[in-house]
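All remarks here apply to the structure that follows.
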Amino acid sequence: MAPDPQPPLTNCHTHIFTGRHVPPYLGKTYLPLGLAYVLTIPFIVGIFRFWFIDRFKWIPVPVYNALVRRCQLIKIFIARNRIVHTLVLIVGTFISVNVFLILFQWLGFLFPVDPSGETSFIDKVRLWMGSHHILLADKSTGVQILLILIVVIFFQTGRNLIFFVLKHFFKIFGLLPGKQTFAYLSRYLNIGRFAFYKDQSDIFSKLVHQYPMDTRFVILPMDMEFIDAGKPKEPYRQQMEALGKIKANHPSTVLPFIFIDPRRIEKQPDFFVYSLDNKGDVVLEDCDVKRYLDQGFCGFKIYPALGYYPFEEQLLPVWKYAVQKDLPIMTHCIRGTIFYRGAKKRAWDFHPFFEDGRGEPLLLPQKKNVDFTPNFTHPLNYLVLLKEFLLRRAVSRATDKRIKMMFGFTNEASPLQKDLEALKLCFGHFGGDDEWEKYFEADRDQYSPAILHQPFGIDFLKNADGIFSHAKIADIWQHTDWYSIVCSIMLQHPRVYSDISYILHQAFVFPLLNDTLNRLPIPPCTTKLADRVLYGTDFYVVRNHNSEKQLFAQLRNNLSVDEVDQITRINPALYV
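Everything in the sequence shown is counted per full-length UniProt numbering, starting at 1 for the first residue and increasing by one.
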């Protein structure tokens, strides 16, 4: 008798949205000195689209091929002829020096120059070149632009030298190469690299061709209309309509999720419309979400860093419906470069549910967007959904009476008749590679060792005396790594998963991943963490590090065949 066929290979975390779905001012609050309004998404995407698609579109293909061949032959000739090579080097250096003087003259009116003597030296160089009639920097603006283009296109060494010198002289360039700015710029350029395609189907084709046939892909759209970074060119509904067509063309391999934002539910009346039946179950009326599900969309995606908590009142009916229909949820759980770009609201200075040791609302004092938006992403927020005691408090605050009815709420002292214990939830990115590093380094943290010594990991709610403690939750919130928190939630809740998307490009992740997959349960717990880890890559966001082929090859090189099958086939088949 032939063995049962394996479930299909599944990548549980991919993106194919285009530049038209991204707000233009994504660099707001991140890039210094107003550069966000210069380096906009349309500008970056336009550069890539021109470079890869349009720059030679006007040239007939035979003529273009002949020109390319001729240029290659010229390069070979220059490289092999020492005299010509030397002449080209001299000319390139001469033009590059002039271009530097041009840029210095332009930027000198905009930014202060370091008072270290370089300015007088540059003036001497300019005067010397002028007296010898070799100064081109004083020519017309048209000639100056032409010289800059020549260096940018033909002389790589000149480009690098100019950037190095400008970085040294001008303070503005000294601001750019910070760690966060580099991370943001690489993400920006990566959006440009793939998002310049006008259709999601084009991006999907680049993804699917890197995997074996019959591989399935969870496609996660993005709704970034409400993050105060400008309006995307193409509305969310059009993005979803196009994704629905891709699903129709690839019914067995495309597993699209629906992006849910509580602000869209609030501001778009026909997005999520429901009623309750006589049992208190959520019944979808005619609305966008119902239409997407009817088209084969098979789960929900949220991205709290865009400016909301996962327990917002508008989301509770969605999670109740997800439990009823066994629909999976994917949530963003990493400190990333995509987050809310507007001003911090006063209500966000305190946590809505958690308190400190004095019984006051937990203070969230962070001011910068990059610092306060992880408060929305923090994995402890999901205790409000998964722990009946905390969910009861959230339901008690609901202004919509239907929410109390759907959960069977009577009063705050009585347990809910229906809860969200069966919520099928995946923590995308497993907390983030930085939190995995923190787990290794935090050898004095009093809570993280629990995932090695306690059957269900960290007891979030009770102190050593077995009493509910807000102070303990606050302490864990502020100090404990997200890896330990996520692992503990998975041990305590049988339908919670995590994927390794994005973080798997880091080589240091694999030792801890191996340890996680081989960790045996401690009785009475029967949960193996290996059964809750999902394969995902975060295509195309991760492309600035590795290609899909390389990521999958690295995975197979670092894990056993059984481990690879577990996280790429067996676990995804249970999740989606």
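By construction, the Cβ of each residue, glycine as well, lies at the ideal position given by its N, Cα and C atoms.
Nearest candidate by alpha-carbon position, reference residue i, set the options
| i | options | result |
| --- | --- | --- |
| D499 | P523, T480, G536 | G536 |
| V91 | G158, L315, D294 | G158 |
| F259 | D214, R237, H250 | R237 |
| R569 | L26, P212, F56, L363 | P212 |
| H351 | R335, L380, F339 | L380 |
| Y447 | W436, D481, A137, G466 | D481 |
| P235 | R20, G342, V97 | R20 |
| R335 | P310, T373, Y321 | T373 |
| M240 | I227, D294, V45 | D294 |
| K206 | F17, L161, I78 | F17 |
| P221 | A242, K233, K231, D277 | A242 |
| L276 | F311, Y308, K320, D288 | K320 |
| A343 | Y37, K28, D459 | K28 |
| G280 | A248, D288, F409 | F409 |
| I47 | R69, Y197, K472 | Y197 |
| V283 | H85, M224, A322, Y497 | A322 |
| L103 | K75, N81, V152 | V152 |
| A530 | T516, R543, V542, V541 | T516 |
| A36 | I44, L26, P42 | L26 |
| T527 | Y502, K549, R495, I503 | R495 |
Residue i Cβ short of 6 Å to the ligand MN heavy atom set
| i | result |
| --- | --- |
| R20 | No copy of the ligand MN occurs in the structure displayed, which carries no ligand at all. |
Residue i in three-state terms, based on DSSP
| i | result |
| --- | --- |
| L175 | Bear in mind that a pLDDT of 45 at L175, under 50, signals an unreliable position, so the model cannot answer this. |
| M222 | coil |
| M213 | coil |
| P352 | strand |
| D499 | strand |
| G428 | strand |
| H250 | coil |
| H505 | helix |
| N11 | strand |
| F407 | coil |
| K462 | strand |
| F440 | helix |
| F43 | helix |
| F50 | helix |
| L110 | Confidence is the limiting factor: at L110 the pLDDT is only 49, short of 50, which leaves the residue's position unreliable and the question unanswerable from this model. |
| V533 | strand |
| F100 | helix |
| Q566 | helix |
| F121 | helix |
| F154 | helix |
| F510 | helix |
| F456 | coil |
| F170 | Any reading at F170 needs caution, since the residue's pLDDT is 49, under 50, leaving its predicted position unreliable; the model's value is listed next. Here F170 sits in strand by DSSP. |
| F468 | strand |
| F204 | helix |
| F94 | helix |
| F17 | coil |
Inter-residue CB distance, residue i and residue j (contact presumed, cutoff 8 Å)
| i | j | result |
| --- | --- | --- |
| F217 | V273 | Contact flag wrong, Cβ pair sits at about 29 Å. |
| Q314 | I246 | Their Cβ separation, rounded to whole angstroms, is 28 Å, which puts Q314 and I246 out of contact at 8 Å. |
| L534 | N571 | 5 Å |
| V384 | F353 | 6 Å |
| F539 | T14 | 4 Å |
| L306 | I227 | 5 Å |
| F297 | F257 | 6 Å |
| I302 | I329 | 7 Å |
| H545 | H493 | No, H545 and H493 are not in contact; Cβ-Cβ is about 31 Å, not under 8 Å. |
| Y382 | P269 | With a Cβ gap of about 28 Å, Y382 and P269 do not count as contacting. |
| P361 | Y308 | Not quite, the Cβ-Cβ distance comes to about 18 Å (not below 8 Å), so this is no contact. |
| Y502 | R532 | 18 Å between Cβ atoms; not a contact. |
Contact with chain C by residue i, beta-carbon distance below 7 Å
| i | result |
| --- | --- |
| S469 | Structure shown: chain C not included; a single protein chain is present. |
Every unbroken beta strand (DSSP E) inside the region 254-319 [3 residues or more]: 254-256, 274-276, 282-284, 300-302
At least three beta-carbon pairs within less than 8 Å, the region 504-521 to the region 549-558: yes
Validate contact between the region 417-425 and the region 5-16 using beta carbons, cut 8 Å, 3 pairs: no
Segment contact, 8 Å Cβ cut-off, at least three pairs: the region 345-365 with the region 399-406: no
Contiguous beta strand (DSSP E) assignments of at least 3 residues, all confined to the region 323-391: 329-332, 350-355, 361-363
Alpha helix (DSSP H) runs wholly inside the region 55-87, at least 4 long, in chain order: 61-80
Contact between the region 518-526 and the region 448-460 (3+ Cβ pairs under 8 Å): yes
Three CB pairs or more closer than 8 Å across the region 475-489 and the region 430-439: yes
Validate contact between the region 409-418 and the region 385-394 using beta carbons, cut 8 Å, 3 pairs: yes
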